[in-house]
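A.B. asks: Residue 14 is where the sequence shown starts when you use the numbering used here, and the numbers rise one by one after that. For glycine and all other residues, C-beta sits at the position ideal for the given N, C-alpha and C. The structure is given below, and queries will be raised subsequently.
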Amino acid sequence: MKLQDQIAIITGSGGGIGRTIALELAQHGASIVVNDILEEAANAVAAEVEELGREALVSVASVTDPEQVEAMVSEALDKWGRIDILVNNAGITRDGLLVRMKDEQWDAVLDVNLKGAFICTRAVAKPMMKARYGRIINIASVAGVMGNPGQANYAASKGGLIALTKTTAKELAGRGVNCNAVAPGFIETPMTEQLSEAVREGWLSLIPLGRAGTAEDVAGVVAFLAHPEASYITGQVISIDGGMLM
Ligand code: NAP
């Protein structure tokens, strides 16, 4: 119960890795703001959080909309008086080769994955700085470090998120707010289910540990970064990739 009575916002937590992070943090004692663009999905995860004996607040808001994000943060502050943890998890892909990529594909991915994280970070920064406490954890990707053919937009958004992580860490360090990123590799989720067998085999051949990761592999590291014993870690990017990047 290392997160007893703490308040965590997890963006895009109606499914996939975000849902697993929400449940992991709830298991450690945190109350959860379940944010997603799909109300039904967010409600279902909120019910799972409540089954664990924790409080949940559903926020149907797009991370790309500053007004909706401000409303989400205000609602959480009205309910609990503080926000201890923000996990910028919401993310999308719109893959395509660089030469064929449409402006709309580029903009959509940069808007959610990078600008969305900026909007949410800006919204929680003031209450966290005032409280002299906060943990911001950004879900980046190995693609943001090594690049990935067919994902110019996605890799650029995650590379940008890593730079945002380091800048946030430097700007907020003096106020007790830590900011780190995790860089998952190939994780089994709805996002990766669509890949062909050949692409899956290609990824697996690059992973020394010889298996795809799970949402639980990611959630465990996110929980560690949120725990009190991680208080001397900030501005870092932790790969969760079975050794792919090494
Ligand atoms: P996912 O299952 O597609 O989950 C992403 C969630 O974000 C979905 O619930 C989605 O809602 C939500 N979302 C999309 N746009 C949003 C918006 N504008 N505002 C709020 N929520 C929004 O994907 P995932 O695999 O769990 O990915 C989670 C994070 O991990 C992403 O940042 C992804 O880039 C990162 N990651 C994943 C992998 C992997 O192998 N899976 C690897 C590296 C990094 P809807 O479903 O309703 O659209």
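With a threshold of 8 Å between beta-carbons, can residue 182 be considered close to chain D, or not?
C.D. replies: The chain labelled as chain D is not found in the depicted structure, where only one protein chain is given.
A.B. asks: Apart from the five residues on each side of it in sequence, which residues of its chain come closer than 7 Å, Cβ to Cβ, to residue 89?
C.D. replies: As a working mapping, residue 89 is identified with position 76 in the sequence shown. Excluding positions up to five away in sequence, the list reads 20, 22, 46, 70 and 96.
A.B. asks: Would the beta-carbon of residue 51 be found less than 7 Å away from any heavy atom of ligand 1?
C.D. replies: Here the question's residue 51 lines up with position 38 in the sequence shown. Indeed, a heavy atom of ligand 1 lies less than 7 Å from the Cβ.
A.B. asks: For the alpha helix (DSSP H) containing residue 36, list its first residue and its last residue.
C.D. replies: Walking along the sequence shown from the start, residue 36 turns up at place 23. Where residue 36 is concerned, the enclosing alpha helix (DSSP H) stretches over 29–40.
A.B. asks: When DSSP labels each residue in this structure, what does residue 102 get in the three-state scheme?
C.D. replies: Start at 1 with the first residue of the sequence shown, and residue 102 comes out as number 89. Note: residue 102 maps to coil in three-state DSSP.
A.B. asks: Please look up how many angstroms separate the CB atoms of residue 174 and residue 153, rounded, as I've assumed it's under 8 Å.
C.D. replies: As a working note, residue 174 is residue 161 in the sequence shown. As a working note, residue 153 is residue 140 in the sequence shown. The beta-carbon distance between residue 174 and residue 153, rounded to whole angstroms, is 5 Å. This is short enough to meet the 8 Å contact definition.
A.B. asks: Where does residue 60 land, buried or exposed, given buried means 16+ other C-beta within 10 angstroms?
C.D. replies: Within the sequence shown, the letter at position 47 stands for residue 60. Counting Cβ neighbours within 10 Å, residue 60 comes out exposed, since fewer than 16 surround it.
A.B. asks: CB-CB under 6 Å to residue 126, same chain, minus the five flanking residues each way: which ones, in chain order?
C.D. replies: The sequence position of residue 126 within the sequence shown is 113, counting from 1. 104 and 170.
A.B. asks: Output the residue ranges of the beta strand (DSSP E) runs that lie fully inside the segment 142–228 and measure 3 residues or longer, sorted by chain position.
C.D. replies: Whole beta strand (DSSP E) segments, 3+ residues: 147–152 and 190–197.
A.B. asks: Go to residue 123, then tell me how far its alpha helix (DSSP H) extends in each direction, as first and last residue.
C.D. replies: The residue you call residue 123 lines up with position 110 of the sequence shown. Counting along the chain, the alpha helix (DSSP H) containing residue 123 begins and ends at 116–123.
A.B. asks: For the beta strand (DSSP E) holding residue 21, just list the boundary residues, first then last.
C.D. replies: Position 8 of the sequence shown, counted from the first residue, corresponds to residue 21. Start and end: 20–23.
A.B. asks: How about residue 102: is its Cβ closer than 7 Å to a heavy atom in ligand 1?
C.D. replies: Within the sequence shown, residue 102 is the residue found at index 89, counting from 1. True, at least one ligand heavy atom lies under 7 Å from that Cβ.
A.B. asks: Along the chain, where does the beta strand (DSSP E) that runs through residue 48 open and close?
C.D. replies: Start at 1 with the first residue of the sequence shown, and residue 48 comes out as number 35. 44–49 is the span of the beta strand (DSSP E), which, as asked, contains residue 48.
A.B. asks: Flag this pair as yes or no: are the beta carbons of residue 256 and residue 221 separated by less than 8 Å?
C.D. replies: Position 243 of the sequence shown, counted from the first residue, corresponds to residue 256. Position 208 of the sequence shown, counted from the first residue, corresponds to residue 221. Cβ distance < 8 Å, so residue 256 and residue 221 count as in contact.
A.B. asks: Suppose you measure from the CA of residue 177 to the CA of residue 224; what does that come to, to the nearest Å?
C.D. replies: Locating residue 177 in the sequence shown gives position 164, counting from the first residue. Locating residue 224 in the sequence shown gives position 211, counting from the first residue. Straight-line Cα distance between these residues: approximately 30 Å.
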